[in-house]
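Notes follow once the structure below has been shown.
Protein chains: 4
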Amino acid sequence: MQRKAYKIPGQPRTVVAVGPVRIGHDSFPVIAGPCAIESEEQIMAVAYAAAESGVSVLRGGAWKSTSSPYDFRGLGDEGLDMLAAAGKAVDLPTVAQVLEAAHVDLAVERVDMLEIASGNMQDFELLRLAGRSGKPVLLRRGPSATIDEWLWSAEYLLAEGNEQVVLVERGIRTFGTVGSDTLDIGAVPTLKETTHLPVMVDPSHSAGGPMRVRPLALAAQGVGADGLIVEVHPSPEIARSSQAQLGIGGLEELMTALGISRVRRHIDQIDRQIVRLLARRQALSLEIGRVKQARGLPVHIPDRESELLDLIKEEATHLGVDNAHVEALFELVLAESRRLQHEMRAASDRAAVS
Amino acid sequence: MQRKAYKIPGQPRTVVAVGPVRIGHDSFPVIAGPCAIESEEQIMAVAYAAAESGVSVLRGGAWKSTSSPYDFRGLGDEGLDMLAAAGKAVDLPTVAQVLEAAHVDLAVERVDMLEIASGNMQDFELLRLAGRSGKPVLLRRGPSATIDEWLWSAEYLLAEGNEQVVLVERGIRTFGTVGSDTLDIGAVPTLKETTHLPVMVDPSHSAGGPMRVRPLALAAQGVGADGLIVEVHPSPEIARSSQAQLGIGGLEELMTALGISRVRRHIDQIDRQIVRLLARRQALSLEIGRVKQARGLPVHIPDRESELLDLIKEEATHLGVDNAHVEALFELVLAESRRLQHEMRAASDRAAVS
Amino acid sequence: MQRKAYKIPGQPRTVVAVGPVRIGHDSFPVIAGPCAIESEEQIMAVAYAAAESGVSVLRGGAWKSTSSPYDFRGLGDEGLDMLAAAGKAVDLPTVAQVLEAAHVDLAVERVDMLEIASGNMQDFELLRLAGRSGKPVLLRRGPSATIDEWLWSAEYLLAEGNEQVVLVERGIRTFGTVGSDTLDIGAVPTLKETTHLPVMVDPSHSAGGPMRVRPLALAAQGVGADGLIVEVHPSPEIARSSQAQLGIGGLEELMTALGISRVRRHIDQIDRQIVRLLARRQALSLEIGRVKQARGLPVHIPDRESELLDLIKEEATHLGVDNAHVEALFELVLAESRRLQHEMRAASDRAAVS
Amino acid sequence: MQRKAYKIPGQPRTVVAVGPVRIGHDSFPVIAGPCAIESEEQIMAVAYAAAESGVSVLRGGAWKSTSSPYDFRGLGDEGLDMLAAAGKAVDLPTVAQVLEAAHVDLAVERVDMLEIASGNMQDFELLRLAGRSGKPVLLRRGPSATIDEWLWSAEYLLAEGNEQVVLVERGIRTFGTVGSDTLDIGAVPTLKETTHLPVMVDPSHSAGGPMRVRPLALAAQGVGADGLIVEVHPSPEIARSSQAQLGIGGLEELMTALGISRVRRHIDQIDRQIVRLLARRQALSLEIGRVKQARGLPVHIPDRESELLDLIKEEATHLGVDNAHVEALFELVLAESRRLQHEMRAASDRAAVS
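Chains as they are written, first to last, in the numbering used here: chain A, 4 to 357; chain B, 4 to 357; chain C, 4 to 357; chain D, 4 to 357.
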């Protein structure tokens, strides 16, 4: 039986959409946020720093899975509300872990992406629910999971019809003593050969301390991972959960080292918006084309075009953009519109003849 | 903070009661049954073989956790009903795995002991529910869990007030390629030093095939484990889940190799019953003692005693037991009764004086 | 190509002879001695305790392989002389590790068996030299060696024509933290299926302390290993190398727990001597047979036999052994001698005819 | 006791010189060559490709350590002669593995750097000999060595007075199944914190195939390793040892991906040469200064300087280098010379006064 997680030669790789972010397509998106959401102030501070430094998705823990029953267990859905508000405030999509069945509905209403923790990689009931949630899913590798077992867990999500799955390499249990686990960096190229799903790297646990997050993040970028997950806290030294999180300054340095900047992210987003507007414009232009054809009007109506260009140049002048540059651009756009309308007429003529 | 799972010098080790079985006290109890319950016929066949060969607890899987979403997932609570019926038929207590919150109530009504699978060792919500269930719990080690992490998971059960916890060593993930995991036999003596909880061994996965179950079981007995868990299927080659289960013949050979026999188990049970009857007899004898004291009668009433002995000897003759042997035994019992009654009188005299 | 280390169905398992000890045949022989030989007094104290408690082979380290270049490195060939003298004093064969090519000749002259350390499992030049040495070899598993890599190293010994190889399981590197390594107890039954070579277990490193040597030794006995290696030091707390060695008292307790006693070992040795004398007697009797045939004398010469029996009974009386018992035994021996002589005559008659 | 391999705050990191290459200083030097030297043609083909594509050191195996005793074991010192000749032909320094004591002298005479194989990381006698050899040493990590054990092995080299040691991370044994081992990428930043020795990465074994060498090499560059080791063979598919080597084309693609080019390497070398010539010029200029002072001549002798500049400009014209550019450069050089001579005179005046 063909497994749905397997790469099929000739088929495109899966791109996972989280708000405007496209994991598997954008250049090295970073997901960042506190291990545990502790207060409104805390998550807001992280959110602003994240947005400012070019992070793509805001992440925060509402429920914490701790070895000891006596530890802080997270703020629960109240924490989730804080995360959602923070994401909204800085216009970043959000992701949070769900640890049990009851969390799924609570999270679906509040965040843009669900995350399955390492410890739940084989919690098959939770996987089914996440699969059916309609949300994209981050699936972390279990610390002793082989790559094949990991892909089988992804299969549980895909089997529910959810293809929006991102694999997260976060280290495996070995005798090595660097961090609590050893980052299996070789898993990234191996997965690229095996599956069509994107793969991100989270160095938090294997780094074993904030000073080693940056080199491992650069290794992840070098090896060809589709992005990065990092833990950030405004005051890591007093964090209520993991104390190996980056501070705000550490995040900024990391993003600079990765060559990611807020400006670049903004340009990417604007370009994406331009492309989307062009697509919409094209669709509208074809509608007009159909009307013109129905009324027996020609494709090219020079007066309309020169009027339109005048309007554009006026706007450009107003915004301080070079007139000639804008005019040249829009002449290309108009030419494309005419080409498409002609093509449409030719197609309908052929249809009429036959 | 003192962890409840830790051994306290001078305190007795925990004994876990499952029906008449005392894990941590009985000599190497064996828990056996099919990996997955497949039908009434299957579980009945295993149950009879188990009882016959000296197994202490009947085990069966009603819900199966499989890597692939396309595999057989167990018969669910219907399977649990079959397990309960089979246990009743052969007079063995029963145990079954619970994989998610919803299973706990279903299992509590039907079986005598709950089991937490390796993959759920850190499913903390499930641990809490199992802790509150009032049932004894088998807690399997996760394949990449350190001993400390494992004991923290036990702590979740103990923190709910449930001390009836048995740890199950079943192998850890290593580079070794014998089975799917490497049996960490050294974990047994290590746990004996650290915790008061009993430790059993399940060699199924680390054996990597039925032919290596026996040597590993003998190793477990040698190393001082408190008992064994084995998977048994009437026709292992057509089993719907794991195909590394022992057949009926394999179980019998194993039990013989372990020096466990049905006869010996029966003797153990009878002895335990005799002890319980002696305890009840003693309590009744003290009640009679109080009546005699109240009525001013002496402790020793020879006629009553000789009448009682006659009755016993008659019964012995009828059952083919040597008369002199029985008489000697009961003279000891009667002497002890008198001693206790005298002691009681002395105590009440002292109380009256003071 | 058929590997020489592989088991061939129907072929007997290899028995390795070290002095009078037969590894792979004797019931659970124990090899014991100090991690490092430190002085004549030390090795002598261990040797006497070893012999007294039923140990089969005396072991001691003359060269030590230590992680740090600043540690005690052993007494070298002077230490080897002490080991040889101690073995001779208590009549036990000896074994010592060789760490480099130059050690092989020095060891061959002084001890009965060579040992290859874990760290040298793939020191192929050393393996070749050990293979050619004519001495039996203990081959320890490397801490990260798969079973297949281990058997390839054994193949280096066998390829030199040396079949006297004993494999020693001593633990593998894992994330587990019991000792410095995790005893892979399952390797023993796996090797029994794959190779004809005997397998011993050394729990010293995986035990991580003397208190866990006994349970692991019993596990090794349970799993079906061909014997045990333990480290013993008269004062473990001041040992110059490993401080996880058993003391003299610990060795005695261990041997008792294993059911091995000096008396039992002596009986085994005497029985073996009787069998060897019977074999020699038989050879001599056949020689006499040939003389009798050449001279035309009959096989059965009653006078000679009764004279012989008289002599034996006299000796038995002298030593306090029952006369009838001895007479019965020797009548069996004489009958066997006659049978063999008749068989020989028949064979030579057939040869003369054809 | 302070270990010599440990980093001392404030002290510079060790730079290891191999011919003109400075490991720990140059930007990501690459060491490349065949796993095993098979023939003159083979090593020459690799050498030319290596030099052409910007490789810094030529590497080749003369002795091979193979699991099986029946495999190709290398050409021995004859192979080493081929390696030396190839290195000379393309003007690259060379490195080769030594597997046993006897190899050290043979290698010292022929190559510029010795390499200790993974399997020999704890061959302490070999380490001592390599330490005393006077050659720089590549020390590969053993597959089950902790970072501390690895640094202890480096200590053996340092203890012999040899500080020219480069650590090579090449993967550790884990349950992961990507290659034969898992690259412990996190070891690199950990070592940077602990030791002053440079660290290179060899992805050959952990890659488990040539297609994953490039991503892992980029990860090594990202994580901050001091360089890379790769295996290259003109026809990897018919290689007599490892068949996971890169082909010539693969090497070129890799070097381009790493941003390393022959041109850039040449520029680096030329710059280094310029700096060395400047240093020599400066020393000579100070000598002249001393002569001028002794003869009572001034520091600045304009005629000599203009004569010198004329000579330089003539040469520049001849070679097609811009005259003004050269003149500007040398005026800086001359100014620095004068500054140094003045400084020298001032110092000797102060000495005369006091």
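Built from N, CA and C at the ideal position, the CB exists for glycine as well.
Quiz item: So what does DSSP say about residue 284 of chain A, is it helix, strand or coil?
Solution: helix
Quiz item: Does DSSP classify residue 103 of chain C as helix, strand or coil?
Solution: coil
Quiz prompt | Selection of the segment 66–78 of chain B by Cβ proximity to chain A, strictly under 8 Å | solution = 68, 69, 70, 71, 72, 73
Quiz prompt | C-beta neighbour in chain C for residue 189 of chain D, strict 9 Å | solution = no
Quiz item: For residue 314 of chain D, is the classification buried or exposed, using 16 other Cβ atoms within 10 angstroms of its Cβ as the cut-off for buried?
Solution: exposed
Quiz item: Touching or not, the segment 50–61 of chain D and the segment 18–34 of chain D, by the rule of three or more beta carbon pairs under 8 Å?
Solution: yes
Exercise. May I have the straight-line CA-CA distance separating residue 173 of chain C from residue 223 of chain C, to the nearest angstrom?
Key: 11 Å
Quiz item: Can you give the beta carbon distance from residue 125 of chain B to residue 288 of chain A, rounded, assuming they're within the 8 Å contact cut?
Solution: The Cβ separation is near 57 Å, so there is no contact.
Quiz item: residue 258 of chain B lies in the alpha helix (DSSP H); which residues open and close that run?
Solution: 251–260
Quiz item: Residue ranges of each alpha helix (DSSP H) run of no fewer than 4 residues wholly in the segment 14–76 of chain A, ordered along the chain?
Solution: 43–56
Quiz item: Helix or strand or just coil, what does DSSP make of residue 1 of chain D?
Solution: An answer regarding residue 1 of chain D cannot be provided, because it is not within the stretch 4 to 357 covered by chain D.
Quiz item: Taking the alpha helix (DSSP H) that residue 353 of chain D falls in, what are its first and last residues?
Solution: 326–356
Self-check item: Contact list for the segment 157–181 of chain D against chain C, Cβ threshold 7 Å
Solution: 158, 159, 162, 176
Quiz prompt | 9 Å Cβ cutoff met for residue 71 of chain A and residue 158 of chain B | solution = yes
Quiz item: Assuming residue 31 of chain A contacts residue 161 of chain A under a Cβ cut-off of 8 Å, what Cβ separation, rounded to an integer in Å, is found between them?
Solution: That pair is no contact at about 25 Å.
Practice problem: Determine which residues of the segment 222–247 of chain B have a Cβ less than 8 Å from any Cβ of chain C, and write them out in chain order. | Solution: 222, 223, 224, 225, 226, 227
Quiz item: Quick one: is residue 126 of chain D near chain C, going by C-beta distance under 9 Å?
Solution: yes
Quiz item: Once you ignore the five residues that flank residue 100 of chain C on each side, which residues in its own chain have a CB closer than 7 Å to its CB?
Solution: 64, 66, 118, 120
Quiz item: Taking three-plus beta-carbon pairs below 8 Å as touching, is the segment 190–200 of chain D in contact with the segment 204–223 of chain A?
Solution: yes
Quiz prompt | Beta-carbon neighbours of residue 8 of chain B, restricted to chain A and to distances below 8 Å | solution = By Cβ distance, chain A contributes nothing, its closest Cβ being about 11 Å from residue 8 of chain B, past 8 Å.
Quiz item: Taking Cβ positions only, does residue 135 of chain D come closer than 9 Å to chain C?
Solution: no
Self-check item: Member of A:210, A:261, A:203, A:234 whose CA lies at the smallest distance from the CA of residue 28 of chain A
Solution: A:203
Practice problem: For residue 2 of chain D, count neighbouring C-beta atoms within 10 Å of its own C-beta (all shown protein chains included) and say buried if the count is 16 or more, exposed if not. | Solution: Residue 2 of chain D falls outside the range modelled here, since chain D spans only 4 to 357, and no answer is possible.
Self-check item: Alpha-carbon to alpha-carbon, residue 84 of chain D and residue 127 of chain D
Solution: 27 Å
Self-check item: chain B contact for residue 317 of chain A (CB, 9 Å cutoff)
Solution: no
Quiz item: Is the segment 338–346 of chain D in contact with the segment 289–302 of chain D, if contact means three or more CB pairs nearer than 8 Å?
Solution: yes
Practice problem: Sort A:209, A:291, A:263 by Cα distance to residue 347 of chain A and report the nearest one. | Solution: A:291
Quiz item: Name the DSSP bridge partner or partners of residue 143 of chain B?
Solution: B:171
Exercise. Under the assumption that residue 144 of chain C contacts residue 163 of chain C (Cβ atoms under 8 Å), give the Cβ distance between them as a whole number of angstroms.
Key: Between residue 163 of chain C and residue 144 of chain C the Cβ distance is about 20 Å, and since that is not below 8 Å, they are no contact.
Quiz item: Using the C-alpha atoms, what's the distance from residue 178 of chain B back to residue 178 of chain C?
Solution: 10 Å
Quiz item: residue 186 of chain D touches chain A at which residues, Cβ-Cβ below 7 Å?
Solution: 188, 189
Quiz item: At least one CB of chain A closer than 9 Å to the CB of residue 80 of chain B: is that the case?
Solution: no
Practice problem: Would you mind giving the Cβ-Cβ distance between residue 35 of chain A and residue 53 of chain A, rounded to the nearest angstrom? I have them listed as a contact below 8 Å. | Solution: 5 Å
Quiz item: Can you tell me whether residue 150 of chain A is buried or exposed, with buried defined as 16 or more other CB within 10 angstroms of its CB?
Solution: buried
Quiz item: Mind checking residue 335 of chain A: buried by the 16 CB within 10 Å criterion, or exposed?
Solution: exposed
Quiz prompt | Whole-number beta carbon distance between residue 263 of chain A and residue 33 of chain A, since they are thought to touch under 8 Å | solution = 6 Å
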